[in-house]
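330 is the number of the first residue of the sequence shown in the working numbering; add one for each residue after it. Structure first, commentary second.
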Amino acid sequence: MHSLVRLLVPCGLAIASVLVSVACGGPSQHEILVKRGRSFEGQKMWVEAAQAYGEACERKPSDASTCERAREMREYAVAIRSYDAKKLCDAGQLEPCLAALRPVRSLQSDNQGKVLEVLTQASALATKQCLASSSDLGAGLVELACLQHWREELWVVEDYRRHFSERSRSASATLASLALAQSKQAIGATMSYLQAARCVAPLDAEHQHVLDAATSSFQQRSRTQLQLGYEVNGTERAAPGTCTELVASIGRGLSCEAAPGSNPGSNPGSNPGSNPPLQLAAQVFSVEPRWQQSHEDRQEVVRYKAGTQTLANPEYERARVEYELADQRFRSTERDTREREERCNSTQDSSDCSAYDSIKRTYDERLNELNNARNRFNSEPATITEDVYKDHSYVVRTHYWSAPFRASVRLGSASANPEITQIDYTDVEQTGFAEAGVPTDRFEPPSPTYFRDQSSQWLSQRLRAYVEEEMQRRASQRMQDCSGDRVDCWATASYWLGSSELGQSLLAELANKTPIQCTASVL
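Following this line, the structure appears as structure tokens:
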């Protein structure tokens, strides 16, 4: 009986690399890291070499030579990078200078003092590039923004922190003075200047108190009352949650507090600084639309593995026949070889010995053929197992529901034509067949409130679009009609456009669109 046992997973093809290292004698992770460190070192990639040796040392602290090599590479990397960075700083190239230092700033090295020396040089270069000693607020804010650009990398340098703090506190003091110089009517300007001042440096208690009071007054003055009329099929009714949902999603200082005695279409007047209510009327003609249902069937076919079957292996019989023929040829050649060898030995005749020599090559060929035939025969199983595939047919039923919906939204007393839309719902239903990997999809009709909920969502989207459009129009109009402080008008317009923290935006405006980040927390 020939053996059918095969080595299915040779050592070099094992799946788990860790097991391969153990079972097959492969290199450990420590050895791989050491080799990687040597490769980096050979390429003069000192930082990468230090990191590779360092990881190898962490994995095997007992390897003193590798740990020492990691230390040497760190020292060398920091020294080389510091030298390169200093040359760049000497040439006035601030960004390349700092870029050269970044990879080694976190390395533990006795040469980190050299890094600090170069950072100090870079700080002086940054200060020279950023500061122009201007007394103008806008220019001072541009200088501050320039210093902010290098804050993360240069904060470790004491001189840089000092210059940064001086510019921040100077700008904050100027902004606070501008805030206190505003008239009592320009509370938006007061609030915005103080927010900007607080952004660049902490406020003292007195200025913070003024900011809190101004913010409260500004929000009360600039708040827009949203008055929402709701009518269904000609009958007025409340729209619970609609107004509050709009206010929560849009913001912009909106309020659902209706003015006493006001109703959609009335004229609330316009006292100085007042903000007339935003009046919306929603008219719904079909709040519970009748829906129509239909379905569509689609035949699907999936091919799947139904099992296996065992069959006679045709290659097995062919290999057996070839093996037997090869064996017969070899046995015949073997007999002829033996006879010629005996004749040569007994007669010592040259012709007999030549005949023996000539057949030895044939003997070797027949033996090789026999071994090949035997190996092939031994490797062929008598039977083979094949997968059996079948087709599974099933029906996919798609259900459709649709319902027309009519509604209109108008601003104030303006007229509006009803909009007609259709609310759809689709559900797929099919019987599962696990053997073929077909999942079960059960029939799920729409919930009893689905169409009503969808119509409400559609209406909310239309209301929101009207509110946003009207608030943008009011903001634009406020800037066009501004007859007082421009910053105050800007604050109100920005508030209506959705800005809640105006200080940072004002800083950018004052600094000629230069973005400035709030940094008071680091001073």
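By construction, the Cβ of each residue, glycine as well, lies at the ideal position given by its N, Cα and C atoms. Only a predicted model underlies this, so the values are computations on that prediction, with no experimental measurement involved.
Within 10 angstroms of the Cβ of residue i, are there 16 or more other Cβ atoms? Answer buried if so, exposed if not.
i: H538; result: exposed
i: A352; result: Caution is warranted here: a pLDDT of 44 is assigned to A352, below 50, making its placement in the model unreliable, and the coordinate value is therefore given only provisionally. It counts as exposed.
i: V338; result: For V338, the predicted structure reports a pLDDT of 35, less than 50, and the residue's modelled location is therefore unreliable. A value from the coordinates is still provided. Exposed, because fewer than 16 other Cβ atoms sit within 10 Å of the Cβ of V338.
i: A840; result: buried
i: I845; result: buried
i: A393; result: exposed
i: Q549; result: exposed
i: A381; result: buried
i: P606; result: buried
i: T564; result: exposed
i: L836; result: buried
i: T755; result: exposed
i: V650; result: exposed
i: F772; result: exposed
i: G421; result: exposed
i: G371; result: exposed
i: L555; result: buried
i: V816; result: buried
i: A588; result: At A588 the pLDDT is 40, less than 50, meaning the model places this residue with poor confidence; the figure from the coordinates comes in the next sentence. Burial call: exposed.
i: A518; result: buried
i: S680; result: exposed
i: N600; result: Residue placement at N600 is poorly supported in this model, since its pLDDT is 33, which falls under 50; the coordinates are not used for a value here.
i: T456; result: buried
i: N592; result: Any reading at N592 must be qualified, since the residue scores a pLDDT of 41, below 50, and its modelled position is unreliable; the value itself is stated next. It counts as exposed.
i: G598; result: At G598 the pLDDT is 31, less than 50, meaning the model places this residue with poor confidence; the figure from the coordinates comes in the next sentence. So G598 counts as exposed.
i: R410; result: buried
i: V363; result: buried
i: A510; result: exposed
Using a C-beta cutoff of 9 angstroms, does residue i count as contacting chain D?
i: Y633; result: Reference to chain D is not applicable here, since this structure consists of a single protein chain.
Check each candidate in the options and name the one with the smallest Cα separation from residue i.
i: A526; options: T843, L831, R690 and K842; result: L831
i: T843; options: S679, L466, R581 and E651; result: L466
i: R645; options: A684, F706 and L557; result: At residue 645 the sequence reads Tyr, which differs from the Arg that was named. Residue F706 is the option with its Cα nearest to Y645.
i: S551; options: G827, Q833 and L835; result: G827
i: S776; options: E535, W730, S744 and Y723; result: W730
i: Q806; options: W825, L792 and S789; result: W825
i: A622; options: E370, P774, G761 and R781; result: A quick correction: the sequence has Gln, not Ala, at residue 622. Of E370, P774, G761 and R781, the residue nearest in Cα terms is P774.
i: S545; options: S829, Q422, V738 and A765; result: S829
i: L448; options: S742, A429 and A765; result: A429
i: R791; options: V757, S742, A736 and Q801; result: A736
i: C418; options: G469, C528, E446 and E401; result: E446
i: N704; options: S687, E653 and V738; result: E653
i: A743; options: A455, K689 and A610; result: A610
i: A732; options: R793, S784, A378 and V363; result: S784
i: S452; options: L470, M808 and L427; result: L427
i: L640; options: R667, T573 and D716; result: D716
i: E401; options: W787, G741, N701 and W375; result: W375
i: L740; options: N604, L557 and P643; result: L557
i: I688; options: S661, A702 and Q809; result: S661
i: G813; options: Q358, S494 and S512; result: S512
i: P643; options: T573, P390, E671 and P710; result: P710
i: V738; options: A804, R793, Q809 and H624; result: R793
i: W787; options: Q801, A820 and D753; result: D753
For residue i and residue j, which I take to be in contact (beta-carbon distance under 8 angstroms), what is that distance rounded to the nearest angstrom?
i: S438; j: R403; result: 5 angstroms
i: L540; j: Q524; result: 7 angstroms
i: L473; j: A500; result: 6 angstroms
i: A505; j: H478; result: The Cβ separation is near 25 angstroms, so there is no contact.
i: V485; j: K443; result: Actually they do not touch by this definition, with Cβ atoms about 14 angstroms apart.
i: R664; j: Y685; result: About 13 angstroms separates the two Cβ atoms, so there is no contact after all.
i: T637; j: T712; result: About 11 angstroms separates the two Cβ atoms, so there is no contact after all.
i: T571; j: S789; result: 7 angstroms
i: F780; j: W620; result: 6 angstroms
i: Q543; j: M520; result: As written in the sequence, residue 543 is Ala, which differs from the Gln given in the question. Between M520 and A543 the Cβ distance is about 4 angstroms, and since that is below 8 angstroms, they are a contact.
i: Q612; j: E560; result: 5 angstroms
i: E698; j: A655; result: 5 angstroms
i: G469; j: R498; result: Contact doesn't hold; Cβ gap of about 11 angstroms is too wide.
i: F659; j: R690; result: About 14 angstroms separates the two Cβ atoms, so there is no contact after all.
i: C528; j: Q833; result: 6 angstroms
i: R369; j: E360; result: Position check: residue 369 holds Phe in this sequence, whereas Arg was assumed. That pair is no contact at about 15 angstroms.
i: D626; j: V767; result: So it is not a contact: roughly 16 angstroms between Cβ atoms.
i: E276; j: R726; result: Only positions 330 to 852 of the chain appear in this structure, which leaves residue 276 out of reach.
field: Segment contact, 8 angstroms Cβ cut-off, at least three pairs: the stretch 423-438 with the stretch 489-509
entry: no
message: With three or more beta-carbon pairs closer than 8 angstroms as the criterion, would you say the stretch 625-633 touches the stretch 713-725?
response: yes
field: Inter-stretch contact at 8 angstroms, needing at least 3 Cβ pairs: the stretch 674-682 / the stretch 737-751
entry: no
Given 8 angstroms, three or more beta-carbon pairs between the stretch 578-586 and the stretch 783-802: yes
- prompt: Can you list, in chain order, the stretches of the alpha helix (DSSP H) that have 4 or more residues and sit fully within the stretch 770-833?
  reply: 779-809 and 815-825
Sequence ranges, alpha helix (DSSP H) only - wholly within the stretch 609-696, length at least 4: 643-676
- request: With a floor of 4 residues, list each alpha helix (DSSP H) that falls wholly inside the stretch 713-761, ordered by position along the chain.
  value: none
- prompt: In chain order, which alpha helix (DSSP H) runs of at least 4 residues are fully inside the stretch 426-475?
  reply: 441-459
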